[in-house]
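Student:
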Amino acid sequence: MTAGEPQFDELYREILLDHYRRPRNRGHLAAATHHAEGANPVCGDEIQLDLQMDDGVLEEIAFEGQGCSISQSSASMMSERVKSKSRAEIERIKSAFEAMLTAGAAPVAELGDLEALQGVAKFPVRVKCALLPWKVLDEGLAEPAPGGRHD
Ligand code: ZN
17 MTAGEPQFDE LYREILLDHY RRPRNRGHLA AATHHAEGAN PVCGDEIQLD
67 LQMDDGVLEE IAFEGQGCSI SQSSASMMSE RVKSKSRAEI ERIKSAFEAM
117 LTAGAAPVAE LGDLEALQGV AKFPVRVKCA LLPWKVLDEG LAEPAPGGRH
167 D
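Under our numbering, the first residue of the sequence shown carries the number 17, and numbering increases by one thereafter.
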C-alpha cells in the first residue's frame, strides 16, 4: 500500500479523530439546492454533499461518506468552515488549504481545525484524501440549481 502513514502531533491527532468519530454536519438536507458526489478509488473514499445555496451564500451543508479518517475528517472540518460563507470566501479558504497541503504554505487562521491536516502534506497519496471533499464541493457549487428536488 502506502510507503508510510502521516504522523500527526498529538493535538492534531486528537482533532482529526474527534471529527472522524463525531462528524459535524453529517446527513442530508431536505431543502438542498445542489448535490455532488465523488470518490477517491486509490483509497476507497467516498463523499456525497448536499448544499443549500441562497443568494450566493452556502447556507447549509451536509455530507455522507465513507473511507479513511483523513477524507472523512476533512469533510467534517470543511463543512464547519464553509457554512454561511459566500463562494468567494469558500474559494479563499480552499486555496489556503490547498497551499498548505501542496506547497507547504503556513496555515492561516481561517482554516480552523483544517490546520490539523497539515501533516498530510508529506504524503501525496493522502493529499488526495484530504482534498476529495473540496473537489466534490467545487463540483456541487458549479452545478446550476435545479428547479426543485424531491427525495
Ligand atoms: Zn483516503
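We treat Cβ as the ideally placed atom computed from N, Cα and C, and that holds for glycine.
Owing to the predicted nature of the structure, the values given are computational and were not obtained by experimental measurement.
Would DSSP call Gln153 helix, strand or coil?
Tutor: Strictly speaking, residue 153 in this sequence is Leu, with Gln absent from that position. If DSSP states are grouped into helix, strand and coil, Leu153 belongs with the helices.
Student: For Phe139, which residues from the same chain have a beta carbon less than 6 Å from its beta carbon, with the 5 sequence-adjacent residues on both sides left out?
Tutor: Pro22
Student: Under 6 Å, CB to any heavy atom of the ligand ZN. Which residues pass, going along the chain?
Tutor: Listed along the chain, these residues meet the criterion: Asn56, Cys59, Asp61, Gly83, Cys84, Ile86, Ser87, Cys145.
Student: For Gln82, which of helix, strand or coil comes out of DSSP?
Tutor: strand
Student: List the endpoints of the continuous alpha helix (DSSP H) containing Asp34.
Tutor: 26-37
Student: What do you get for Gly54, buried or exposed, if any count of 16 or more other CB atoms within 10 angstroms of its CB means buried?
Tutor: When all chains shown are included, Gly54 counts as buried.
Student: Pick helix, strand or coil for His166, following the three-state DSSP scheme.
Tutor: Unreliable positioning characterises His166 in this predicted model, as indicated by a pLDDT of 45, which lies under 50. A coordinate reading is not provided.
Student: Going by DSSP, what residues sit across from Leu74 in a beta bridge?
Tutor: Leu74 is bridged to Met69, Lys101.
Student: Output yes or no for whether 8 Å exceeds the beta carbon distance between Asp129 and Glu105.
Tutor: In this structure, Glu105 does not lie closer than 8 Å to Asp129 by Cβ.
Student: Nearest to Leu177 by CA position, among Leu45, Met94, Leu157, is which residue?
Tutor: Absent from the structure is residue 177, since the part of the chain shown begins at 17 and ends at 167.
Student: By the 10 Å Cβ neighbour count, where 16 or more other Cβ atoms means buried, how is Leu27 classified, buried or exposed?
Tutor: exposed
Student: Rounded to the nearest angstrom, what separates Ser100 and Leu32 at their Cα positions?
Tutor: 23 Å
Student: Classify Asp61 as buried or exposed, calling it buried when 16 or more other Cβ atoms lie within 10 Å of its own Cβ.
Tutor: buried
Student: With Pro160 and Ile63 assumed to form a contact (beta carbons below 8 Å), what rounded beta-carbon distance in angstroms separates them?
Tutor: About 21 Å separates the two Cβ atoms, so there is no contact after all.
Student: Once DSSP output is grouped into helix, strand and coil, what is the label at Glu62?
Tutor: strand
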